[in-house]
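Structure first, then comments.
2 protein chains.
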Amino acid sequence: MSQPTSQRTRLSPEQRREQLLDLGVRLLAHRSLDELSIDLLAEEAGISRGLLYHYFGNKHAFHEAVVRRAADDLIEQTSPPADGDPMERMLTSLAAYLDYVVANYEGYLSLVKAAAGGNETLREIYEEARSALNSRIFREDAQGDIVPDTPATRLVVRGWSAMVEELVLSWIADPRGITREQLLEIMAASLPAIVEVAG
Amino acid sequence: MSQPTSQRTRLSPEQRREQLLDLGVRLLAHRSLDELSIDLLAEEAGISRGLLYHYFGNKHAFHEAVVRRAADDLIEQTSPPADGDPMERMLTSLAAYLDYVVANYEGYLSLVKAAAGGNETLREIYEEARSALNSRIFREDAQGDIVPDTPATRLVVRGWSAMVEELVLSWIADPRGITREQLLEIMAASLPAIVEVAG
DNA sequence: TGGCGTTATTGAAAAAGTGTCAATAGAGTG
DNA sequence: CACTCTATTGACACTTTTTCAATAACGCCA
C-alpha cells in the first residue's frame with residue numbers, strides 16, 4: 001500500500017508462503033472457497049498470478065493449503081489437556097476450544113465452511129483437527145469414566161461434537177441469553193446426558 | 001433421447017424451468033456444486049448454454065435455484081406432523097426426516113455440502129429449510145410440553161438439530177451397531193435430556 | 001390449411017478465469 | 001561493484017462463463 005507498486009518485492013519463499021496463506025485464510029472468512037479466485041488473491045497480495053502457481057501448483061492445492069493452515073492453527077493454539085478428573089479435563093478442553101473460536105472467529109468459520117462443503121481431502125483435514133480435539137477428551141478415559149466405547153457411543157460422540165460446534169458458533173454470533181460459563185456447562189453436561197440416553 | 005437432436009424442442013417456460021431444475025438436482029447428487037458446470041447441464045439437457053442464461057441469468061443464480069429446489073423437496077416430502085401427544089409427533093417427524101434422507105442420501109448430502117460450503121445466500125436457503133423442520137417442534141408445542149421457549153433453549157435446539165443431522169448422515173454411512181428404531185429413540189430422547197441440562 | 005407474429009432457442013463471439021513458461025530483476029555475496 | 005541465484009513477472013494458450021443478434025418452433029387466425 002505505502003510502497004510504490006512499480007517495484008517487485010522479493011521475499012524468501014517461507015515469508016511469501018506465510019503471507020499468501022494468511023491472506024487466504026483472511027479472505028476466506030468473508031467469501032466461499034470458490035469465490036476465492038487466484039485473480040482475487042493475487043491482486044490482494046499485490047503479486048502476479050504466476051507466483052501463486054509457482055508456490056502452490058494449482059487452485060485446488062492452494063485451497064487445500066489454506067484449509068490445512070487454518071486447521072493447524074486450531075490444533076496448535078488449543079491448549080493441551082490439563083490434569084484432574086475426566087470431567088474437569090473435558091471442561092478445560094472445551095474452554096480452550098471455545099476461547100480459540102472466540103479469538104479466531106472468522107478464520108475458524110472459514111475452516112468449517114470450507115471443510116463442510118469441500119472434497120474428500122478437505123474434509124479429512126478437518127476431521128483430523130476435530131479428532132485431535134476429541135482425543136484430548138477421551139485419550140485418558142480408557143476406563144470409560146465418561147463414555148464407554150461402543151459403536152452406539154462412538155456415533156453419539158460424533159453427534160455431540162457437531163452439536164458443540166454449532167453451539168459455539170451460534171453463541172458467538174449472538175451471545176445474548178446465556179453466559180460463557182453456562183454454555184460450557186451445557187456442552188459438558190450434555191455429553192453424559194446423551195450417552196445415558198443412548199445406553 | 002429418442003427424438004432426433006437436430007430439431008429444437010420448444011417448451012413452455014414453466015416446463016423448461018422444471019426440467020432444468022430437476023436435472024440440476026439429479027446431477028448434483030453425484031458431483032459437487034462447482035463441478036456442476038453450465039456446459040455439463042446444457043449438454044445433459046440437450047439445450048444450448050444460452051438457454052440456461054436466459055432462464056437463470058448466471059451460474060450462481062442457477063446453483064441457487066437448484067439448491068432452493070432441493071430444500072423445497074425436503075420440506076415438502078417430510079410429512080407434516082401427525083396428531084398425538086408432542087413426543088409422539090416429534091418421533092413421527094424425525095422418522096419422516098430420516099426416511100427422506102435414506103431415500104435421497106446422495107442428493108441430501110449434496111444439499112448439505114453445497115449449503116455449508118456456499119455463500120450467504122445458499123446458507124440462508126438451507127437455514128430456512130432446517131428451521132421449517134424445527135419450527136414444527138416449537139409451533140405445536142406452544143405449551144412447552146417438550147421445550148419451553150427461551151433464548152437458551154432456542155440455542156440448544158439449534159445444537160440438537162446439528163447433532164440430529166450428523167447422526168442421521170453418519171448412521172446411514174455406517175448403520176452397523178444400532179438399529180433404525182434405536183437411532184430414532186436416541187435422537188428423540190436426547191432433546192429433552194439436553195433441554196433439561198440447559199435448564 | 002397455410003401464412004404470421006410471438007418468443008423460446010440457438011450459435012458465435014466476447015469476457016473472465018485457470019494454467020504455463022521463458023524472460024526479467026531483486027538481493028545477497030565475493 | 002559486478003555476478004549469480006532464483007523469486008517474480010507478463011504474455012500466451014486453454015477452458016469456462018456470459019452476452020446478444022439471429023433463428024425457428026408453436027399457437028392463432030383467416
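From first to last, the protein sequence lines stand for chains A and B. Taking the UniProt record's numbering, the leading residue of the first sequence gets 1, the next gets one more, and so forth. Taking the UniProt record's numbering, the leading residue of the second sequence gets 1, the next gets one more, and so forth. Virtual Cβ for every residue (Gly too), placed ideally from N, Cα, C.
For leucine 31 of chain B, which residues in the same chain have their Cβ closer than 7 Å to its Cβ, ignoring the five residues on either side in sequence?
In the sequence under discussion, the amino acid at residue 31 of chain B is arginine, which differs from the leucine named in the question. Same-chain partners within the cutoff: there are none.
According to DSSP, is alanine 29 of chain B helix, strand or coil?
coil
In three-state DSSP terms, what is leucine 51 of chain A?
DSSP, reduced to helix, strand and coil, places leucine 51 of chain A within a helical segment of the structure shown.
How would you label histidine 63 of chain B, buried or exposed, when you count the other beta carbons within 10 angstroms and need 16 or more for buried?
buried
Under 8 Å between the Cβ atoms of serine 161 of chain B and asparagine 134 of chain B?
yes
By the 10 Å Cβ neighbour count, where 16 or more other Cβ atoms means buried, how is alanine 103 of chain B classified, buried or exposed?
exposed
How would you list, in chain order, the residues of chain B whose beta-carbon sits under 7 Å from the beta-carbon of aspartate 34 of chain A?
Asp34
Whose C-beta lies closer than 8 Å to the C-beta of aspartate 39 of chain A among residues of the same chain, with five residues either side of it excluded?
Around aspartate 39 of chain A: Arg49.
In this structure, how does DSSP classify threonine 9 of chain B when only helix, strand and coil are distinguished?
The DSSP-derived three-state label of threonine 9 of chain B is coil.
Determine the burial state of serine 190 of chain A: buried for a count of at least 16 other Cβ atoms within 10 Å of its Cβ, exposed for fewer.
buried
Taking 8 Å as the CB-CB limit, is glutamate 128 of chain B close to chain A?
False, the Cβ-Cβ gap to chain A never drops below 8 Å.
What residues from chain A crowd round lysine 59 of chain B, counting only those whose CB sits closer than 7 Å?
Chain A residues near lysine 59 of chain B: none, gap ~10 Å exceeds 7 Å.
At which residues does the alpha helix (DSSP H) containing valine 147 of chain B begin and terminate?
Looking at the DSSP string, valine 147 of chain B is not in any alpha helix (DSSP H), and its letter there is neither H nor E.
In this structure, how does DSSP classify alanine 82 of chain A when only helix, strand and coil are distinguished?
The answer is coil: DSSP assigns alanine 82 of chain A none of H, G, I, E or B.
Give me the subset of the UniProt DNA-binding region "H-T-H motif" (37-56) of chain B whose CB atoms are less than 8 Å from a CB atom of chain A, sorted by chain position.
none
Considering just the uninterrupted stretch of the alpha helix (DSSP H) at isoleucine 75 of chain A, what are its terminal residues?
59-77
Please report the distance separating the alpha-carbon of alanine 198 of chain B from that of asparagine 58 of chain A.
Separation of alanine 198 of chain B and asparagine 58 of chain A (C-alpha to C-alpha, rounded to the nearest whole angstrom) is 47 Å.
Can you give me the start and stop residues for the alpha helix (DSSP H) that glutamate 35 of chain A sits inside?
No alpha helix (DSSP H) holds glutamate 35 of chain A; DSSP gives it neither H nor E.
With DSSP as the reference, label aspartate 174 of chain B as helix, strand or coil.
coil
By how many angstroms is the C-alpha of isoleucine 125 of chain B removed from the C-alpha of valine 66 of chain A?
Valine 66 of chain A and isoleucine 125 of chain B have their C-alpha atoms roughly 27 Å apart.
For proline 151 of chain A, return the contacting residues in chain B, with the cut-off set at a CB-CB distance below 7 Å.
Arg176, Gly177 and Ile178
Is there a Cβ of chain B sitting closer than 8 Å to that of glycine 84 of chain A, yes or no?
no
Isoleucine 186 of chain B versus chain A: which residues are under 9 Å apart at the beta carbon?
Residues of chain A whose Cβ lies closer than 9 Å to the Cβ of isoleucine 186 of chain B are, in chain order, Ala152, Leu155, Val156, Gly159, Ile194, Val197 and Ala198.
Compile a chain-ordered list of the residues in the region 98-114 of chain B whose CB is closer than 7 Å to at least one CB of chain A.
Lys113 and Ala114
Taking only beta-carbon positions, decide if glutamate 166 of chain A is within less than 8 Å of chain B.
yes
Decide if glutamate 166 of chain A is buried, meaning its Cβ has at least 16 other Cβ atoms within 10 Å, or exposed.
By the neighbour-count rule (16 or more Cβ atoms within 10 Å), glutamate 166 of chain A is buried.
Using DSSP with H/G/I as helix, E/B as strand and the rest coil, what is threonine 179 of chain B?
coil
Rounded to whole angstroms, what is the Cα-Cα separation between alanine 132 of chain A and tyrosine 97 of chain A?
11 Å
Counting along the chain, where does the alpha helix (DSSP H) carrying glycine 107 of chain A start and finish?
105-117
Have a look at A/Val164, A/Arg130, A/Leu11 and A/Gln15 and flag the residue whose alpha-carbon is nearest the alpha-carbon of glutamate 76 of chain A.
Measuring from the Cα of glutamate 76 of chain A, the nearest candidate turns out to be A/Arg130.
Grouping DSSP H, G and I as helix and E and B as strand, with all else coil, what is glycine 24 of chain B?
helix
Rounded C-beta distance between alanine 61 of chain B and glutamate 128 of chain B? I'm assuming under 8 Å.
Their Cβ separation, rounded to whole angstroms, is 17 Å, which puts alanine 61 of chain B and glutamate 128 of chain B out of contact at 8 Å.
Alanine 116 of chain A and alanine 173 of chain B: beta carbons closer than 8 Å?
no
Relative to the C-alpha of arginine 176 of chain B, which residue among A/Gly84, A/Glu35 and A/Arg154 is closest?
A/Arg154
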